[in-house]
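Asks: These protein sequence lines are chains L and B, in that order. Following the working numbering, the numbering of the first sequence begins with 1 at its first residue and continues without gaps. Following the working numbering, the numbering of the second sequence begins with 1001 at its first residue and continues without gaps. Even for Gly, the Cβ is constructed at its ideal location relative to N, Cα and C. Remember, predicted model here, so these are calculated numbers, not experimental data. Handing you a structure now.
2 protein chains.
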Amino acid sequence: QGTRDHPPAHMALRDRLLATVVACFKRHGAAAIDTPALELRETLVGKYGEGARLIYELQEPGGELLALRYDLTVPFARYLAMNKITNIKRYHIAKVYRRDNPAMTRGRYREFYQCDFDIAGQFDPMIPDAECLKIMHEILSDLQLGDFLIKVNDRRILNGVFAICDIPESKFITTCSTVDKLDKMPWEEVRSEMIGEKGLSPEAADRIGEYVQLHGGLDLIERLLQDPKLSQNKLAREGLGDMKLLFEYLTLFGITGKISFDLSLARGLDYYTGVIFEAVLLQQENDHVEEPASVGSVAGGGRYDGLVGTFDPKGRKVPCVGVSIGIERIFSILEQRVKASGEKVRTTETQVLVATPQKHLLAARLKLISELWDAGIKAEMLYKKGPTLLKQLQYCEDTGIPLAAIIGEQELTDGVVKLRDVAARQEVRI
Amino acid sequence: QGTRDHPPAHMALRDRLLATVVACFKRHGAAAIDTPALELRETLVGKYGEGARLIYELQEPGGELLALRYDLTVPFARYLAMNKITNIKRYHIAKVYRRDNPAMTRGRYREFYQCDFDIAGQFDPMIPDAECLKIMHEILSDLQLGDFLIKVNDRRILNGVFAICDIPESKFITTCSTVDKLDKMPWEEVRSEMIGEKGLSPEAADRIGEYVQLHGGLDLIERLLQDPKLSQNKLAREGLGDMKLLFEYLTLFGITGKISFDLSLARGLDYYTGVIFEAVLLQQENDHVEEPASVGSVAGGGRYDGLVGTFDPKGRKVPCVGVSIGIERIFSILEQRVKASGEKVRTTETQVLVATPQKHLLAARLKLISELWDAGIKAEMLYKKGPTLLKQLQYCEDTGIPLAAIIGEQELTDGVVKLRDVAARQEVRI
């Protein structure tokens, strides 16, 4: 339940998608790492808030309490602390596990890939953060998924807003998760939840509402830096200062056109400490409405400066910022698109089929195909002693093999091969 | 316990190794598939003989009984039966799990990669089987692991030998597993185990010994086909006939030089029904003895015509033959070799570091690196506002970046970039 086999057509599309993502990660100088799918249960406990109940645990009679990893970020932080690594730029593509109620039509699985890029280390502010946004921008552009928008915010700005609206600090995180719903429900409903479920006063909710509905660019940052109340809050001032710096760098990268400083962005996870970001695909005007998978969040991330310290016996911190590409959602979109277009995805890369028109020439086929393999050419033949030429050419058409190398009696005598362009139905003797 | 993190240096070497293996699988027209790491427990039960106790089970309160996959062959057979696939050539590279006593110095882990290529379908005899041996030969040659030998046998020949030595059929499998130890212990010890532990008569053991110590090529096959007793056994006759055909095909492939028909090869798994094979690395004369990882089995496989049928409600059979590359063992060998050679494995592919000799040129670096990324060039920069040129060049040397693109005041004024060959210490203005 909640898992699936990936047949060759899936894998071919998935490999194409991952190749684009990995190429971008490598272009930015990232190294690959891998960690076990199994972690000690205690490593995962207390990291995912309500997500904790979704962790898969393993029976290990008389041994360690184990669990399947829930994401790649916590294992990364554990890896850094365990190996005392204070400086690394890495990517990691691997499966994670969540004992969730599967909703496979909406792309929610119990086993799925995550695809993470992170920069760990003590650096000058906002330079790695800007690179993470550049990476999101490059990948979404390279994949040609259509128009997109990258929302950016900072946990320190949000916390500053809550503080000047007189929200007690104990309610920051829960208020955050209500704010985060602004992309799915109108302000009125979010306001009701703040008052009804989270117990904020209507006045506090309204004051929060004035801020979290704002979005813009450098102009908005400047305006908030002048805001008489917000500019008094130390955290907010730091966050806004860094946001300004970030926008300067993004301007140099030439990507501010698709970036929005959006105060409604909050992100679910507890461990973020600074900049947070999320990329959404924008519904095209000519899009069909029955394609719900074509909108929504396709990448996200942020800064988490405290997580590595929780795994270090002395609490030594390693600042980190990273981005996670929502590969499963992007895969669904690409798959729908391929289906709609009627494009036939080849599942193999075979260049040539070695074929014979007569029945007793298996030996000639075996000899020729062996030479082709040894020369590095991707070649197949049918595993029959005497298949008909029609069947062999049909196999080429079915699987998209562009060429057939045909050897019959005459070719053997003449010491040549007849090379046939399957689509054009043209032959040359070589 | 029994698992490990793979740091960047591991991953770089591993990616190199897997690229060679995947290139070979694709050269032979295989498509990729993936299956979940989680399987229903009942799928795995009864497939691995004594291995069953090593299966990892999962807590799933009130739900399905789950287990982590133990190999890739059983999930492949389950996949074929479930999707009624009767014809496929696929490869699968993924992690498998065994709750074994870890012996990490000997490369025995609880989580490790398997790397399988299989051909499923009803075909003319020995053509796919020969291709599996060709694949082993290509991969071991491509990886330049040193001299190797591929041992080949057939379960039907072994069973025929047991039958004419009057072994009861109920003891075939257990006798098989004793025979399989002939590569690690002398005949005398194997004989003792047959008599002492397996309860065979000394005469029966001696008669088995006459056969299972034989190895050779076509000549041996011909001799056994003339053997007055063995040739009377139907199974053995079929096996020997197919072995002869196999050697004909291997001759056409030009690889018999490294193939040995070896009657001591038995292989552990229960599900083999025909040809079985195993590749071993041969100790070089000038090898150091303290490198024990450099000998032993590095690939194996065989024909299993009954496994898919066990998952089909109507028992419909899909004949299969496949090969598994022992990627973990090969990785250990390559790792030792890299260590011994002192070669420094690059963990990133960065082509150029964008550097500045003066302190206030961060903006220039960000602009230039952004252009390089957009042009598809792998580029890095230090995440500092004003790093010294020495530090920047040192970073190139530490990480193997071949070029530095340097922009200072003068270059900015002239509209050029100074491109430095780090190793040669030569610069050109472009």
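What is the residue span of the alpha helix (DSSP H) that B:C1176 lies within?
Replies: First-last of the alpha helix (DSSP H) with B:C1176: 1172-1179.
Asks: To which residues of the same chain is B:P1202 closer than 6 Å at the C-beta, ignoring the five residues directly before and after it?
Replies: Taken in chain order, the residues that qualify are I1195.
Asks: Less than 7 Å between the C-beta atoms of B:A1299 and B:M1082, yes or no?
Replies: The answer is no: Cβ separation not under 7 Å.
Asks: By Cβ distance, which residues of its chain are closer than 6 Å to B:A1163, with the 5 residues on each side in sequence left out?
Replies: So the qualifying residues of the chain are N1233.
Asks: Please tell me whether B:K1234 has its Cβ less than 7 Å away from any Cβ of chain L.
Replies: Closer than 7 Å: no.
Asks: Buried or exposed for L:A405, please, with buried defined as at least 16 other CB atoms from any protein chain shown within 10 angstroms of its CB.
Replies: The residue in question, L:A405, is buried, as its Cβ has 16 or more Cβ neighbours within 10 Å.
Asks: Looking at the unbroken alpha helix (DSSP H) that takes in B:A1023, where does it start and where does it end?
Replies: Its alpha helix (DSSP H) spans residues 1008-1027.
Asks: Considering only residues of the region 1325-1383 of chain B, which uninterrupted beta strand (DSSP E) runs meet the minimum length of 3 residues and lie entirely inside it, listed in chain order?
Replies: 1352-1355, all fully within the region 1325-1383 of chain B.
Asks: Which same chain residues end up closer than 8 Å to B:G1296 when comparing Cβ atoms and leaving out the 5 residues on each side of it in sequence?
Replies: V1280, L1281, R1329.
Asks: For L:I135, name the three-state secondary structure that DSSP assigns.
Replies: Three-state DSSP puts L:I135 in a helix.
Asks: Just verifying my parser: in three-state terms, what is the DSSP assignment at B:C1115?
Replies: B:C1115 falls in the strand class under three-state DSSP.
Asks: In the DSSP assignment, find the alpha helix (DSSP H) that holds L:A279 and state where it starts and stops.
Replies: From DSSP, L:A279 is part of no alpha helix (DSSP H) but of the beta strand (DSSP E) over 275-281.
Asks: Report the three-state DSSP secondary structure of L:C165 (helix, strand or coil).
Replies: In this structure, L:C165 counts as coil in the three-state DSSP scheme.
Asks: Considering only C-alpha positions, which residue in the set B:T1003, B:I1173, B:V1212, B:S1170 is nearest to B:E1188?
Replies: With distances taken between Cα atoms, B:E1188 lies closest to B:V1212.
Asks: Can you tell me whether L:A340 is buried or exposed, with buried defined as 16 or more other CB within 10 angstroms of its CB?
Replies: Counting Cβ neighbours within 10 Å, L:A340 comes out exposed, since fewer than 16 surround it.
Asks: Identify each residue in the region 116-128 of chain L for which the Cβ-Cβ distance to at least one residue of chain B is less than 8 Å, and report them in chain order.
Replies: Residues I119, G121, F123, D124, I127, P128.
Asks: Please name the residue, chosen from B:I1157, B:I1276, B:V1323, that lies closest to B:L1225 on a Cα-to-Cα basis.
Replies: Minimum Cα distance to B:L1225 is reached at B:I1157.
Asks: Kindly identify the DSSP beta-bridge partner or partners of B:D1421.
Replies: Paired residues: B:L1403, B:Q1426.
Asks: Under the assumption that B:T1356 contacts B:I1407 (Cβ atoms under 8 Å), give the Cβ distance between them as a whole number of angstroms.
Replies: Contact flag correct, Cβ pair sits at about 6 Å.
Asks: Taking a contact to mean a Cβ-Cβ separation below 7 Å, would you say B:F1117 touches B:V1323 in this structure?
Replies: Yes, these two residues count as a Cβ contact at 7 Å.
Asks: Using DSSP's beta-bridge definition, name the partner residues of B:G1300.
Replies: Paired residue(s): B:E1278, B:S1324.
Asks: Does any C-beta atom of chain B lie closer than 7 Å to the C-beta of L:A32?
Replies: Interface residue, yes.
Asks: Evaluate the contact criterion for the region 260-274 of chain L versus the region 176-188 of chain L: three or more CB pairs, one atom per stretch, below 8 Å.
Replies: They touch, by the three-pair rule.
Asks: Give me the Cα-Cα distance between B:M1142 and L:H215, rounded to the nearest whole angstrom.
Replies: The amino acid occupying residue 1142 of chain B in the given sequence is Asp; Met does not appear at that position. Each residue's Cα considered, the two are about 57 Å apart.
Asks: With DSSP as the reference, label L:Y70 as helix, strand or coil.
Replies: L:Y70: coil per DSSP, three-state reduction.
Asks: Can you tell me the Cα-Cα spacing of L:V161 and L:L230, whole angstroms?
Replies: Answer to the nearest angstrom: the Cα atoms are 7 Å apart.
Asks: Do you know whose CA, among L:R69, L:L403, L:E371, L:P8, lies nearest L:T43's CA?
Replies: Minimum Cα distance to L:T43 is reached at L:R69.
Asks: Can you check whether the CB of L:F261 is closer than 7 Å to the CB of L:V152?
Replies: Contact: yes.
Asks: What number of angstroms, rounded off, separates the C-alpha of B:E1238 from the C-alpha of L:A423?
Replies: Spanning the two alpha carbons is a distance of roughly 42 Å.
Asks: Assuming B:I1401 and B:V1352 form a contact by the criterion Cβ under 8 Å, report the distance between their Cβ atoms to the nearest whole angstrom.
Replies: Their Cβ separation, rounded to whole angstroms, is 7 Å, which keeps B:I1401 and B:V1352 in contact under 8 Å.
Asks: Using DSSP with H/G/I as helix, E/B as strand and the rest coil, what is B:Y1079?
Replies: If DSSP states are grouped into helix, strand and coil, B:Y1079 belongs with the helices.
Asks: Can you tell me which of the three DSSP states B:E1290 falls into?
Replies: Reliability fails at B:E1290, whose pLDDT of 48 lies under 50, so the model's placement of it is uncertain and the value that follows must be treated cautiously. DSSP places B:E1290 in coil when its eight states are reduced to three.
Asks: Do you know whose CA, among B:L1080, B:I1325, B:D1071, B:E1343, lies nearest L:H6's CA?
Replies: Answer by Cα proximity: B:L1080.
Asks: Across the region 124-134 of chain L and the region 238-256 of chain L, are there enough close Cβ pairs to call them in contact, namely three or more that are closer than 8 Å?
Replies: Taking 8 Å as the limit for Cβ pairs, the verdict is that the region 238-256 of chain L does touch the region 124-134 of chain L.
Asks: May I have the straight-line CA-CA distance separating L:R16 from L:P8, to the nearest angstrom?
Replies: Cα to Cα, the separation comes out at about 12 Å.
Asks: Give the residues of chain B in contact with L:Q1, contact being defined as C-beta atoms less than 8 Å apart.
Replies: Per Cβ cutoff of 8 Å: G1063, E1064.
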